Amino acid sequence: MNRLLHLHEFGLWLNSLPIKQQINAFTCSTRVRGVVCTNVYALPIIQWIHILGVAVICGSVMMIGLRMMGLLRFSPPLADMARRLLPWTWLAIVVNVITGVIMLIDRPTRTTDSLTWPYSMLFLIVATVLSIYFAITLRIDPQYWDKSITRRTWARVLGTATVLLWIGVIVGDRLIVYAKGPI
Amino acid sequence: MWWFDPIHQFLEPIVSNFDDALDAISDSDFVQNYANAEITIPIVESLHILAVGLVVGTIFFVDLRLIGFFRNMSIRRAEKIVPYTWLAFLLAVITGTIFFLQQPRMYVHNEAFQIKFVLLALAGINLAVFHFGVWRTVDGWDDARSTPAAAKAAGIISALLWIGVLFYGRLVPFVA
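Below, the structure written as structure tokens:
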């Protein structure tokens, strides 16, 4: 996957960007010549915000997924859940993409050479598209996923997919530092 | 952390006496066996972040309801998420213990870890005060009514404490 997408070259390109020097100076992760590093808290704070985003995703869109699977002991109306929780999901996705990009550019090849990262990004895209699809269908018709047996079956399938995909995103990204590629 | 230094100085001699016992834990065959297996840490870390996400994510939305968001959602209904929170909390404790046993001496002396557990304890106290306090009168303020000040306060305190737990948890490897 990494070779197919030329991710190593992508990492090297990120490495050569001037903004990388600025981010390094900000996060202190690598010493940049001539820059005195003072914000030792920059990197933990970025990671902390990233984890807050993960928590919001677990509490919002994953709960909607579990509800669609029928795994929750209670079943609030799906459209209500989507209307209240999904705005938080969008916010968390945006915040985590921003903090994620900062961490990516901070140490590019560590991420781009990782075997799990391309998959977690793929999962992220599919999971986001699925969540947008839920939001749109439920806005058009609050009963959309309860209308027929076929729809209810699809709700279970797509709910399961959502939960598994988000778990894949979180685990895949957590494993970046462990799944080093052969390069 | 200037405000934590006095507490730390107070704790230091007490915890230092446990150091030998703590080293015995990390040196035990049981801990050494799983610590040396390459696959353990990645799996346990993955499960820990998932568990933490579910714990804080679900608590966060219940807190928002207590503060006054999502008012047309019954609070008794929102509260039904709590058993799942406890399940995830159990997973977080188990996976966290697996980390802890690997290097108990480092964790016990780690300021960020100490603060994290102070905040966790405060979150527990906050939960107990809420549960045995204003929660008893929940039938009077369920459904679309404004939540009482005590419930709002419990929600705000809980959200802040958990956000703090995440911060100091993340800080642990940085101050190690």
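So the sequences go chain by chain: A and B.
Here my numbering runs 560 ahead of the position in the first sequence, where the first position is 1.
Here my numbering runs 15 ahead of the position in the second sequence, where the first position is 1.
Even for Gly, the Cβ is constructed at its ideal location relative to N, Cα and C.
Being a predicted model, the structure only gives us computed values, none of them experimental.
Would you mind telling me which residues of chain A sit closer than 7 Å to residue i, beta carbon to beta carbon, in chain order?
i	result
residue 71(B)	615
residue 57(B)	735 and 738
Applying the 10 Å Cβ sphere with the 16-neighbour rule, what's the burial state of residue i?
i	result
residue 10(B)	The requested residue 10(B) is not part of the displayed model; chain B covers only 16 to 191.
residue 141(B)	buried
residue 176(B)	buried
residue 182(B)	buried
residue 20(B)	exposed
residue 566(A)	exposed
residue 24(B)	exposed
residue 91(B)	exposed
residue 663(A)	buried
residue 745(A)	Residue numbering for chain A in the displayed model covers 561 to 743; residue 745(A) lies beyond these limits and cannot be assessed.
residue 634(A)	exposed
residue 29(B)	exposed
residue 710(A)	exposed
residue 628(A)	buried
residue 680(A)	buried
residue 102(B)	exposed
residue 683(A)	buried
residue 658(A)	exposed
How about residue i: is its C-beta nearer than 8 Å to some C-beta of chain A?
i	result
residue 65(B)	yes
residue 68(B)	yes
residue 88(B)	yes
residue 92(B)	yes
residue 173(B)	no
residue 126(B)	no
residue 27(B)	no
residue 161(B)	no
residue 185(B)	yes
residue 181(B)	yes
residue 113(B)	no
residue 189(B)	yes
residue 130(B)	no
residue 85(B)	yes
residue 178(B)	yes
residue 76(B)	yes
residue 31(B)	no
Compare the C-beta of residue i against all C-beta atoms of chain B and say whether one is closer than 8 Å.
i	result
residue 738(A)	yes
residue 604(A)	yes
residue 647(A)	no
residue 730(A)	yes
residue 627(A)	no
residue 611(A)	yes
residue 640(A)	yes
residue 644(A)	yes
residue 705(A)	no
residue 636(A)	yes
Considering only DSSP beta bridges, list what residue i is partnered with.
i	result
residue 740(A)	674(A)
I want to verify the contact list: residues of chain B whose CB lies under 8 Å from the CB of residue i, in sequence order.
i	result
residue 618(A)	65, 68, 69, 71, 72 and 73
residue 633(A)	95 and 98
residue 650(A)	Ordered by position in chain B, no residue passes the 8 Å Cβ test against residue 650(A), which lies about 15 Å from the chain.
residue 727(A)	65
residue 607(A)	185
How would you list, in chain order, the residues of chain A whose beta-carbon sits under 9 Å from the beta-carbon of residue i?
i	result
residue 43(B)	Within 9 Å Cβ-Cβ: nothing; residue 43(B) doesn't reach chain A, min ~25 Å.
Check the Cβ of residue i against every Cβ in chain B and list those closer than 9 Å, keeping chain order.
i	result
residue 573(A)	Per Cβ cutoff of 9 Å: no residues; residue 573(A) is ~28 Å from chain B at best.
Less than 7 Å separating the Cβ of residue i from some heavy atom of the ligand HEM?
i	result
residue 131(B)	You won't find the ligand HEM in this model; it holds no ligand whatsoever.
Does chain E have any CB closer than 8 Å to the CB of residue i?
i	result
residue 678(A)	Considering every chain present, this structure includes no chain E. Its protein chains are A and B.
Is the region 27 to 44 of chain B close to the region 113 to 120 of chain B, with three or more CB pairs under 8 Å? yes
Any contact between the region 728 to 735 of chain A and the region 63 to 81 of chain B? By contact I mean 3 or more CB pairs, one from each, below 8 Å. yes
Okay, do the region 659 to 671 of chain A and the region 615 to 625 of chain A touch, 3+ Cβ pairs below 8 Å being the bar? no
Decide if the region 160 to 174 of chain B is in contact with the region 101 to 110 of chain B; the criterion is three or more beta carbon pairs, one per stretch, under 8 Å apart. no
With three or more beta-carbon pairs closer than 8 Å as the criterion, would you say the region 718 to 726 of chain A touches the region 77 to 89 of chain B? no
Examine the Cβ distances between the region 700 to 720 of chain A and the region 625 to 643 of chain A and report whether three or more of them are shorter than 8 Å. yes
Touching by the beta-carbon criterion (3+ pairs, under 8 Å), the region 142 to 149 of chain B and the region 158 to 170 of chain B: yes
If you pair each beta-carbon of the region 640 to 659 of chain A with each one of the region 605 to 615 of chain A, do three or more pairs fall below 8 Å? yes
Specify whether the region 122 to 137 of chain B and the region 183 to 190 of chain B touch according to this definition: at least 3 beta carbon pairs, one from each stretch, less than 8 Å apart. yes
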